[in-house]
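J.: Structure in structure tokens, see below.
In my numbering, the protein residues as written are 2 to 469.
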């Protein structure tokens, strides 16, 4: 052990020597090093070399109120000075977390009853799995444990949440998923909806598939269905009309809980308070995280309905305690940050701006890229959007993933001073909810130039059927 600092080592060298990055190619990182961000204000971030970028991804779908919000920093500072930490086990509490739980319930649908705080969307979904199992054990249905999730879903990467996630690269080499997790189709209307089928018919088809799966497994063994209102990492997939109503009818018929994963969609991203609001979902459990604090502090929430709480309350005499929780559950500084964040969202009507700016951004993307030779689909709701690239528009033939088209577009976008996110052959955008018309022009201009540049490269390589 040596406590001597490495004075002669650059930050890039120190990073490669010491820091293990999530979702990063180890070989690429060791060869090329990190891109270090140093400061941020509004919708822009600045790296260690002084280069400024428009953050079209809001970090990781989370910085809803934008960067540099002194109001949040001051709230965190005041709380750190008064009570930097105390746990919430054994009936212990602190004022910010009490007020935040009350605030969250005022945002949530009226039938939601209690808020359980965690630290990330992943651990919140692990909490949800345990809640579902606990709920069914306490009501005398110990066999009712299977949870249905969707292909291409993203619900986190812990053992439980990672099993719910429907992306193979999150399972490979990790011995996942758990055997209690079942899988059904995504809502990819661009690639999975049969030609000539209406949205309503596609919804009915997906609901019938869900029912068939429940009947095959046995209704007495199926406990819950989990869904993102708009699927995020799987490709910003918007459900067809009537989808959640059709799915919910099936769930109600077989006493299966509905878990709405609002980690990305919640707190205004879709131009509505929640995806449940926008799509008319009636959840039994809601998962919340990112927009709860806009990333200023790690915090998540599992919000449960009266239906679940009543069982937990009525059977509480049978157990010593609800034996689940985390050291940092209901952390006072994180709760203070979240309260200040929600103050901003409400005062500045960022939910309304997400709807308005989202429509403007989608229109600008359609105008700039809608007829582009390598763009097959532009989709999304509010400020959660994606552009899907294709090798052939007529046949929807995708690019071979070995071409790394999404990553190449993102690299070119960085050169244009714009940050967007690659999802295979798709480019995702989820900018802060403060986005202005000028920001939209900057984002679309930079992305458009990046797409043009990669299209030129692919045409020269013979990978694009026709050049724009």
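All C-beta atoms, glycine included, are put in the ideal place defined by N, C-alpha and C. This structure is a prediction, so every number in the text was calculated from the model and none was measured.
Under 8 Å, with one C-beta from each stretch per pair, do the region 139-159 and the region 359-370 reach the 3-pair mark?
T.: No: fewer than three Cβ pairs fall under 8 Å.
J.: Let me check understanding here. Comparing Cα to Cα, which of 138, 126, 169, 156 lies closest to residue 222?
T.: Counted from its first residue, the chain shown places residue 222 at position 221. The shortest Cα separation from residue 222 among 138, 126, 169, 156 belongs to 138.
J.: Since residue 301 contacts residue 111 with CB under 8 Å, what's their CB separation in whole angstroms?
T.: Indexing the chain shown from 1 puts residue 301 at position 300. Indexing the chain shown from 1 puts residue 111 at position 110. Not confirmed; about 22 Å, so no contact.
J.: Classify residue 513 as helix, strand or coil using the three-state DSSP reduction.
T.: There is simply no residue 513 to check, as the chain begins at 2 and stops at 469 in what is shown.
J.: Which of helix, strand or coil does DSSP assign to residue 184?
T.: Counted from its first residue, the chain shown places residue 184 at position 183. Three-state DSSP puts residue 184 in a strand.
J.: Within the region 188-257, note down every full alpha helix (DSSP H) run reaching 4 residues or more, in order along the chain.
T.: 200-218, 244-254, all fully within the region 188-257.
J.: Taking the alpha-carbon positions, what's the residue 458 to residue 374 distance?
T.: Indexing the chain shown from 1 puts residue 458 at position 457. Indexing the chain shown from 1 puts residue 374 at position 373. One C-alpha to the other measures close to 13 Å.
J.: Pull up the distance between the alpha-carbon of residue 340 and that of residue 264, whole angstroms please.
T.: Here residue 340 refers to the residue found at position 339 when the chain shown is read from its first residue. Here residue 264 refers to the residue found at position 263 when the chain shown is read from its first residue. For residue 340 and residue 264, the distance between alpha carbons rounds to 17 Å.
J.: Suppose you measure from the CA of residue 269 to the CA of residue 379; what does that come to, to the nearest Å?
T.: By one-based count along the chain shown, residue 269 stands at place 268. By one-based count along the chain shown, residue 379 stands at place 378. Looking at the two C-alpha atoms, the distance is approximately 20 Å.
J.: For the candidate residues 61, 412, 437, whose alpha-carbon lies nearest to that of residue 234?
T.: Along the chain shown, one-based indexing puts residue 234 at 233. Of the candidates 61, 412, 437, the one whose C-alpha sits nearest the C-alpha of residue 234 is 61.
J.: Near residue 273, which residues of its chain fall below 7 Å by C-beta distance, leaving aside the five closest residues on each side in sequence?
T.: Taking the chain shown and counting its residues from 1, the one referred to as residue 273 is at position 272. Once the five neighbours on either side are set aside, the close Cβ partners of residue 273 are 279, 352.
J.: Considering only DSSP beta bridges, list what residue 423 is partnered with.
T.: Here residue 423 refers to the residue found at position 422 of the chain shown. Answer is 428, bridged to residue 423.
J.: Please list the segments of the beta strand (DSSP E) lying wholly inside the region 20-102, counting only runs of 3 or more residues, in order along the chain.
T.: The qualifying runs are 38-42, 45-48, 53-56.
J.: With distances taken Cα to Cα, identify the nearest neighbour of residue 40 among 464, 187, 27, 67.
T.: Here the question's residue 40 lines up with position 39 in the chain shown. The residue with the shortest Cα to Cα distance from residue 40 is 67.
J.: Determine, using beta carbons only, whether residue 292 and residue 65 come nearer to each other than 7 Å.
T.: The residue you call residue 292 lines up with position 291 of the chain shown. The residue you call residue 65 lines up with position 64 of the chain shown. Their beta carbons are under 7 Å apart, which means residue 292 touches residue 65 by this criterion.
J.: At what residues does the alpha helix (DSSP H) containing residue 309 begin and finish?
T.: Working through the chain shown from its first residue, we reach residue 309 at position 308. From DSSP, the alpha helix (DSSP H) with residue 309 extends over 307-315.
J.: Report the rounded CA-to-CA distance for residue 121 versus residue 178, giving the unit in angstroms.
T.: The count along the chain shown starts at 1 and reaches residue 121 at position 120. The count along the chain shown starts at 1 and reaches residue 178 at position 177. Straight-line Cα distance between these residues: approximately 20 Å.
J.: Three-state secondary structure (DSSP) at residue 378?
T.: Mapped onto the chain shown, residue 378 falls at position 377. Correct three-state label for residue 378: strand.
J.: With a cut-off of 8 Å, do at least 3 Cβ pairs link the region 80-97 to the region 247-260?
T.: No: the two stretches stay apart, fewer than three of their Cβ pairs being nearer than 8 Å.
J.: Residue 342 to residue 295, Cα distance in whole Å?
T.: On the chain shown, residue 342 is found 341 positions in, with the first residue counted as 1. On the chain shown, residue 295 is found 294 positions in, with the first residue counted as 1. One C-alpha to the other measures close to 7 Å.
J.: Give every residue of the same chain whose Cβ lies closer than 6 Å to the Cβ of residue 131, excluding the five residues on either side of it in the sequence, and list them in chain order.
T.: Walking along the chain shown from the start, residue 131 turns up at place 130. For residue 131, where only same-chain residues beyond five positions count, the Cβ hits under 6 Å are 325.
J.: Can you pull the DSSP bridge partners for residue 304?
T.: Locating residue 304 in the chain shown gives position 303, where the first residue counts as 1. 116, 287, per the DSSP bridge assignment.
J.: Residue 210: which of 447, 244, 229, 197 sits nearest, CA to CA?
T.: Locating residue 210 in the chain shown gives position 209, counting from the first residue. Residue 210 has its Cα closest to that of 244, out of 447, 244, 229, 197.
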